[in-house]
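*Asks:* When we follow full-length UniProt numbering, the leftmost residue of the sequence shown carries the number 1, and every step to the right adds one.
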Amino acid sequence: MDEQLQLKIVDLTPALRKQFYPALLLLVCLTGMHPYRRDGLGTAVDFTSGLETLFQGFVSKLAYLCCTEPGGSAVAACAVLQLPDRIQYVFGFNDQSNTASADMKHRITTILRFFRHPLPAVACEKAALHKRALLDVLSFNQGRVKAYLNSLKDHLQKCIAACQREDSIEARSIQVGLTGILERLRTCFGSIPGAGNGLVDALATFSLIEAISQLFRSDMFSLIGARLAREEELKSSTYWSDCIHVAGRLLSYKQAVEMTLLVSYTWPQLFDDFEVRMIPSSSRISDALQGPPLSAETIARKMTSDARLLDRYAEQLQNLSPHNLNSDIKEAWLQNSKPIVHAEILVHHWLENTQGGIRPERFFKRWKFIGSSKPPCKLCSYFFDEYPTDVQVRPSHQNVYFPWRMPDIYEHQGDEAIITRTRVMGRIKTRICADIGRILSERLADGRPHDSSAYTTFAAQQAADLSNNSSITRATTLELDSLAISDEPTDAFSTNEEAAAFSTNEEVDAFSTNEEA
């Protein structure tokens with residue numbers, strides 16, 4: 001990769017840039033002003049249902065442990081490779097400095113070494129190992145943990161206030177439970193030397209997470225679940241779902257350590273002899289949007305030549321005028337957000353362009369999977385659908401962000417790489433246009449309020465304890481041949497007149513057009 005930085009980059013053609021990024025910006029702005037088509041709760045995942053599923057959960061949890069600061073820049077992706085004599089963990093980040101990556105490499109290596117054999121055989125020793133590892137993880141993730149604690153404090157107070165307003169027997173019961181959580185949370189700040197510097201007490205946070213785990217498994221959680229359902233139905237507030245979501249994010253640290261402990265018994269070779277490789281983040285491009293801001297109507301006219309669709313879009317966009325769509329587009333355009341290569345695609349690109357490529361034998365157990373600290377965004381999901389690869393990633397949360405781009409192509413990679421990039425971006429652009437047409441018709445947006453996984457919410461009280469002996473025995477005794485996990489690819493889009501209208505003629509034009517914008 002360092003050598004490639006000295007080579008000449010092949011820029012996107014002006015035509016493709018002008019087709020792709022204004023349409024993406026319109027989709028982002030439309031998504032922001034429409035309600036979501038589905039609720040904000042993720043699907044429960046039983047990571048002990050099979051060895052491959054367990055492994056995928058472990059890889060994504062490992063990436064989650066590396067996402068140490070709040071914000072999109074810290075999003076991490078991870079692949080686990082089988083070298084001839086050892087395991088290699090490969091990490092990529094949305095936007096991380098080389099200095100931060102070096103520190104990250106040291107810390108994640110330390111965490112992995114907690115689980116080297118020989119591992120404890122008795123329950124009390126396992127619990128002690130789990131606690132030591134979780135305390136180290138919480139210290140490692142001070143920045144993000146502190147953000148979660150502050151957010152949870154705010155949402156807990158709102159939920160407690162709602163219980164006080166309701167003033168029923170059920171509400172008073174919930175209020176008592178949440179007040180206990182809030183009191184524990186307050187001990188996470190200011191109880192250790194140096195807390196004035198903004199440090200979080202890892203031991204107090206450990207106790208808080210244990211209390212959250214008990215709450216999620218208690219009968220009281222069904223009462224909270226009823227309020228979550230009512231909140232989702234009425235769409236009048238979000239404090240219940242926000243509270244449970246951020247509590248689930250904290251609980252994910254406990255689950256990550258439990259899963260790693262389970263995996264260490266299942267595949268001890270993952271922890272005995274390994275190395276950690278950090279991939280440099282991509283550079284940002286500053287000229288994704290060129291020229292003065294375009295209106296929504298102008299962008300829509302560039303999406304298709306179908307007269308019926310153009311008339312329909314004009315009418316639908318006119319109905320949106322009170323929402324100041326064009327003002328939102330102008331504001332976002334002038335912000336000049338600089339797209340980056342997202343972590344999952346960064347890792348895939350590194351794999352594809354290093355020795356061994358994406359051949360199955362390069363991956364641990366031949367499982368071609370890239371885990372991530374958060375589910376992939378809509379465009380990353382589209383990339384893995386459209387790019388010629390069979391490497392798997394997590395299901396997408398379907399949220400869409402403007403700062404997204406494909407990896408750089410260099411002259412030495414030849415015409416085939418350039419054509420592939422152009423074709424894939426053209427197909428993604430077609431799907432963006434189809435999404436725009438669907439949002440205008442349905443007045444509902446894809447995605448969910450939170451882009452991180454929320455399976456810990458409703459599933460938590462039924463989920464098996466990953467740290468107990470029965471789960472370990474179950475996972476390690478399963479026959480590999482019986483564990484084929486069916487991962488059906490996401491359809492590009494339903495066949496409809498919008499999709500048909502976005503013809504491949506524009507895609508072909510992008511190959512041959514080299515004029516300046």
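The beta-carbon is built from N, C-alpha and C at its ideal position, and this holds for glycine as well. Since the structure is predicted, the reported quantities are computational estimates derived from the model, not experimental observations.
Residues in its own chain within less than 7 Å of I209 by CB, not counting five upstream and five downstream?
*Replies:* For this step, residue 209 is matched to residue 209 along the sequence shown. Counting only Cβ-Cβ distances below 7 Å, and skipping sequence neighbours, we find L250, L251, Y253, K254.
*Asks:* Which value, in whole angstroms, describes the spacing of the CA atoms of P339 and L27?
*Replies:* Residue numbering aside, residue 339 sits at position 339 when the sequence shown is read from its first letter. Residue numbering aside, residue 27 sits at position 27 when the sequence shown is read from its first letter. The straight-line gap from Cα to Cα measures roughly 15 Å.
*Asks:* Assuming contact is defined by CB atoms lying nearer than 8 Å, are Y89 and F369 in contact in what I supplied?
*Replies:* The count along the sequence shown starts at 1 and reaches residue 89 at position 89. The count along the sequence shown starts at 1 and reaches residue 369 at position 369. In this structure, F369 does not lie closer than 8 Å to Y89 by Cβ.
*Asks:* Can you tell me which of the three DSSP states C78 falls into?
*Replies:* The residue you call residue 78 lines up with position 78 of the sequence shown. Correct three-state label for C78: strand.
*Asks:* Just how far apart, CA to CA, sit R394 and D167?
*Replies:* Here residue 394 refers to the residue found at position 394 when the sequence shown is read from its first residue. Here residue 167 refers to the residue found at position 167 when the sequence shown is read from its first residue. The straight-line gap from Cα to Cα measures roughly 42 Å.
*Asks:* May I have the straight-line CA-CA distance separating L444 from Y313, to the nearest angstrom?
*Replies:* Stepping through the sequence shown from its first residue, residue 444 is reached at position 444. Stepping through the sequence shown from its first residue, residue 313 is reached at position 313. Approximately 15 Å between the Cα atoms of the pair.
*Asks:* I'd like the span of the beta strand (DSSP E) that includes V59, first residue to last.
*Replies:* Residue 59 sits at position 59 when you count from the first residue of the sequence shown. Here V59 belongs to no beta strand (DSSP E); instead the alpha helix (DSSP H) covers 51 to 66.
*Asks:* Let me confirm a value: P292 is counted as buried when at least 16 other C-beta atoms fall within 10 Å, else exposed. Which label applies?
*Replies:* Position 292 of the sequence shown, counting from 1, holds the residue named residue 292. The residue in question, P292, is exposed, as its Cβ has fewer than 16 Cβ neighbours within 10 Å.
*Asks:* Is the beta carbon of T68 sitting closer than 8 Å to the one on N141?
*Replies:* Taking the sequence shown and counting its residues from 1, one reaches residue 68 at position 68. Taking the sequence shown and counting its residues from 1, one reaches residue 141 at position 141. Yes, Cβ-Cβ distance for T68 and N141 is below 8 Å.
*Asks:* Quick one: which unbroken alpha helix (DSSP H) runs of 4-plus residues sit fully inside the stretch 177 to 252? Chain order, please.
*Replies:* Fully enclosed alpha helix (DSSP H) runs of 4 or longer: 202 to 216, 220 to 234.
*Asks:* Near E361, what residues of its chain come up, given a Cβ to Cβ distance below 8 Å and the 5 sequence neighbours on each side ignored?
*Replies:* Here residue 361 refers to the residue found at position 361 of the sequence shown. So the list reads Q82, once near-sequence residues are dropped.
*Asks:* Count the other CB atoms within 10 Å of the CB of N336; is the residue buried (16 or more) or exposed (fewer)?
*Replies:* Counted from its first residue, the sequence shown places residue 336 at position 336. So N336 ends up on the exposed side.
*Asks:* State yes or no: is the C-beta of Q316 within less than 8 Å of the C-beta of L440?
*Replies:* Counting from 1 along the sequence shown, the entry for residue 316 is found at position 316. Counting from 1 along the sequence shown, the entry for residue 440 is found at position 440. It is a contact, given that the beta carbons lie within the stated cut-off.
*Asks:* Quick test of your reading: S281 and Q96, contact by CB under 8 Å. State the CB separation rounded to the nearest angstrom.
*Replies:* One-based indexing of the sequence shown puts residue 281 at position 281. One-based indexing of the sequence shown puts residue 96 at position 96. That belief holds up - the Cβ atoms of S281 and Q96 are roughly 5 Å apart, short of 8 Å.
*Asks:* DSSP on R443, reduced to helix/strand/coil?
*Replies:* Position 443 of the sequence shown, counted from the first residue, corresponds to residue 443. In this structure, R443 counts as coil in the three-state DSSP scheme.
*Asks:* Who are the Cβ neighbours of S372 in its own chain at under 8 Å, not counting the five residues just before and after it?
*Replies:* By one-based count along the sequence shown, residue 372 stands at place 372. Result list for S372: S60, A63, V75, A76, A77, C78, A343, E344, V393, R394, in chain order.
*Asks:* Would the beta-carbon of V347 fall within 8 Å of that of G71?
*Replies:* The residue given as residue 347 occupies position 347 in the sequence shown. The residue given as residue 71 occupies position 71 in the sequence shown. Against a cut-off of 8 Å, the Cβ pair of G71 and V347 comes out as no contact.
*Asks:* Compare the beta carbon distance of Y387 and V341 with 8 Å and say whether it is the shorter of the two.
*Replies:* To locate residue 387, count along the sequence shown from 1; it is residue 387. To locate residue 341, count along the sequence shown from 1; it is residue 341. No, the Cβ-Cβ distance between Y387 and V341 is not below 8 Å.
*Asks:* Let's see if you can read the secondary structure: which residues bound the beta strand (DSSP E) around Y382?
*Replies:* For this step, residue 382 is matched to residue 382 along the sequence shown. Looking at the DSSP string, Y382 is not in any beta strand (DSSP E); the run it does join, the alpha helix (DSSP H), is 378 to 386.
*Asks:* Please list, in chain order, all residues of the same chain as L12 whose beta carbon is under 7 Å from its beta carbon, the five residues on each side excluded.
*Replies:* Position 12 of the sequence shown, counted from the first residue, corresponds to residue 12. Correct list: empty, nothing qualifies.
*Asks:* Would L228 pass as a contact of I212 if the rule is Cβ separation under 8 Å?
*Replies:* In the sequence shown, the residue the question calls residue 228 occupies position 228. In the sequence shown, the residue the question calls residue 212 occupies position 212. Their beta carbons are not under 8 Å apart, which means L228 does not touch I212 by this criterion.
*Asks:* Let me check one thing: in DSSP terms, what residues is Q88 bridge-paired to?
*Replies:* Position 88 of the sequence shown, counted from the start, is the residue given in the question as residue 88. The partner list for Q88 (beta bridge, DSSP) reads L81, E275.
*Asks:* Hey, would you say V246 sits closer than 8 Å to L152, going by beta carbons?
*Replies:* In the sequence shown, residue 246 corresponds to position 246, counting from 1. In the sequence shown, residue 152 corresponds to position 152, counting from 1. Yes, they are a contact pair.
*Asks:* Which residues in the same chain as L351 place their Cβ atom closer than 6 Å to its Cβ, once the five residues preceding and following it in sequence are excluded?
*Replies:* The count along the sequence shown starts at 1 and reaches residue 351 at position 351. Closer than 6 Å at Cβ, skipping near neighbours: I358.
*Asks:* Alpha carbon to alpha carbon, what distance is there between R301 and residue 527?
*Replies:* Because the chain is modelled from 1 through 517, residue 527 falls outside the range shown and cannot be assessed.
*Asks:* Is W404 helix, strand or coil by DSSP?
*Replies:* Numbered from its first residue, the sequence shown carries residue 404 at position 404. It is a strand residue.
*Asks:* Would the beta-carbon of L325 fall within 8 Å of that of C29?
*Replies:* The count along the sequence shown starts at 1 and reaches residue 325 at position 325. The count along the sequence shown starts at 1 and reaches residue 29 at position 29. The answer is yes: Cβ separation under 8 Å.
*Asks:* According to the neighbour-count rule (16 or more other Cβ atoms, all chains shown, within 10 Å of its Cβ), is E258 buried or exposed?
*Replies:* Residue mapping note: residue 258 aligns to position 258 of the sequence shown, counting from 1. E258 comes out buried.
*Asks:* Tell me the rounded alpha-carbon separation between E231 and A162.
*Replies:* Counting from one through the sequence shown, the residue named residue 231 turns up at place 231. Counting from one through the sequence shown, the residue named residue 162 turns up at place 162. Answer to the nearest angstrom: the Cα atoms are 12 Å apart.
*Asks:* Helix, strand or coil: which one does DSSP assign to Q290?
*Replies:* On the sequence shown, residue 290 is found 290 positions in, with the first residue counted as 1. In the structure shown, Q290 sits in coil (DSSP, three-state: anything other than H, G, I, E or B).
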